[in-house]
DNA sequence: CGTATATTATTAGGATGCTAAGCAAACCCC
DNA sequence: GGGGTTTGCTTAGCATCCTAATAATATACG
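Protein chains in written order, with this note's numbering: chain P, 2 to 172; chain X, 2 to 172.
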């Protein structure tokens with residue numbers, strides 16, 4: 002193969018974009034996430050909840066399974082990477098749906114503890130029954146080894162990003 | 002090592018979650034994306050635009066660099082993985098900011114062609130000047146080889162997901 | 001003790017995303 | 001050529017996310 006201007010370098014020259022590994026990786030991550038949302042949104046809608054609501058329900062269920070007695074809005078905010086005002090709204094709607102409850106926290110009059118109701122627990126069980134195959138279907142483009150590789154790379158990336166976010170929030 | 006209940010299987014038993022490679026990969030992808038948004042949002046805000054607006058501007062700029070004369074809203078919708086009504090809103094605001102213009106399309110009275118204004122083109126240039134280091138900073142947790150691996154895995158996943166989305170939309 | 005600071009949750013206002021529904025123009029096909 | 005279908009964009013209504021500002025409680029410290 003003779004040295005010819007590659008498609009990338011031609012595009013970089015014309016458009017000013019770099020298309021280095023970092024750009025390609027970031028773009029593919031954003032694109033993959035967009036496609037996953039496209040698939041997951043109608044899936045959750047079948048159960049009458051949104052993806053964000055499911056995030057809260059799943060987090061509460063995990064916390065419950067770990068023996069904790071409810072999570073404060075701040076805890077949910079931290080675990081879900083979502084700001085407190087957004088959590089307030091999601092919890093409002095979940096409460097209106099009768100899936101969670103806001104309880105007072107004994108030692109702290111400011112805080113509120115969110116817990117699953119019986120109805121919420123039932124919904125989580127129902128979703129989880131269908132969840133395995135759904136997730137497998139989404140990741141079916143990769144074999145288990147590749148899925149593990151992806152997990153490893155993203156874990157490493159996540160650690161780095163948490164560092165970035167932490168220093169951004171302290172300064 | 003003796004056969005002991007692993008942390009995963011214990012958690013799976015308690016919480017009903019699987020924690021198979023597919024689950025781990027999906028969760029890490031969602032988490033990484035959330036962290037990236039946390040970092041990118043304030044970055045774009047410095048230039049007076051949002052991430053979605055930047056997506057449109059960058060797409061228009063690429064299209065322009067490829068010699069195309071404007072993109073219809075439908076084209077933007079397809080490239081950005083966003084439904085047409087959402088594109089309408091983003092373009093409304095970009096137009097109000099004077100960064101893009103809606104022109105009529107010669108052969109089709111329904112369609113509208115979106116193009117960058119001079120001001121929009123200047124903003125893209127200004128953002129691109131800072132963009133390389135910003136993206137490198139985000140991906141700095143991975144070396145170039147790992148970045149390429151990530152891109153390859155996500156590309157494969159994307160192909161699979163596009164198939165899923167396509168069959169979902171034809172049925 | 002009592003004030004200053006920090007934490008917890010909420011409200012207000014703006015931007016994005018979706019689905020469903022509507023309108024106008026273009027297309028298809030008999 | 002005309003009726004039915006498809007396409008392109010928009011509007012309406014809801015859920016999510018954000019930042020900034022408020023209110024109330026806890027904590028720290030002089």
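We put the CB at the ideal spot given by N, CA and C, even for glycine.
Do the CB positions of residue i and residue j come within less than 8 Å of each other?
i	j	result
residue 27 of chain X	residue 163 of chain P	no
residue 57 of chain X	residue 110 of chain X	no
residue 127 of chain P	residue 48 of chain P	yes
residue 74 of chain P	residue 51 of chain P	no
With distances taken Cα to Cα, identify the nearest neighbour of residue i among the options.
i	options	result
residue 33 of chain P	X:171, X:152, X:168	X:152
residue 119 of chain P	P:62, P:50, P:20, P:24	P:62
residue 92 of chain P	P:107, P:71, P:115, P:108	P:115
residue 31 of chain X	X:155, X:170, X:171, X:166	X:155
residue 20 of chain X	P:136, P:73, P:157	P:136
residue 117 of chain X	X:111, X:108, X:97	X:97
residue 71 of chain X	X:111, X:105, X:42	X:105
residue 60 of chain P	P:46, P:50, P:47, P:76	P:76
residue 82 of chain X	P:138, P:49, P:133, P:40	P:40
residue 165 of chain X	P:144, P:148, P:139, P:167	P:139
residue 80 of chain X	P:133, P:113, P:29, P:53	P:29
residue 132 of chain X	X:45, X:38, X:25	X:45
residue 112 of chain P	P:85, P:148, P:64	P:85
residue 53 of chain X	X:161, X:78, X:148, X:130	X:78
residue 55 of chain X	X:157, X:129, X:134	X:129
Applying the 10 Å Cβ sphere with the 16-neighbour rule, what's the burial state of residue i?
i	result
residue 87 of chain X	exposed
residue 11 of chain X	Legend: pLDDT at residue 11 of chain X = 46, less than 50; position of this residue unreliable, no value from coordinates given.
residue 23 of chain X	buried
residue 150 of chain P	buried
residue 159 of chain X	buried
residue 42 of chain P	exposed
residue 108 of chain P	exposed
residue 142 of chain X	buried
residue 171 of chain X	exposed
residue 167 of chain P	exposed
residue 14 of chain P	Residue placement at residue 14 of chain P cannot be trusted, given a pLDDT of 49 that sits under 50; the coordinates are not used to answer.
Using three-state DSSP, classify residue i as helix, strand or coil.
i	result
residue 84 of chain X	coil
residue 15 of chain X	For residue 15 of chain X, the predicted structure reports a pLDDT of 49, less than 50, and the residue's modelled location is therefore unreliable. The matter cannot be settled from this model.
residue 104 of chain P	strand
residue 162 of chain P	helix
residue 173 of chain P	Limits of chain P in this structure are 2 at one end and 172 at the other, which puts residue 173 of chain P out of reach.
residue 94 of chain P	helix
residue 143 of chain X	coil
residue 73 of chain P	strand
residue 58 of chain X	helix
residue 8 of chain X	Confidence in residue 8 of chain X is poor, its pLDDT being 47 and thus under 50, which makes the residue's placement too unreliable to answer from.
Is it the case that the CB of residue i approaches a heavy atom of the ligand SAH more closely than 7 Å?
i	result
residue 134 of chain P	As presented, the structure is devoid of all ligands, the ligand SAH included, so that no description of it is given.
Determine contact between the region 119–131 of chain P and the region 100–111 of chain X, defined as no fewer than three beta-carbon pairs at a distance below 8 Å.
no
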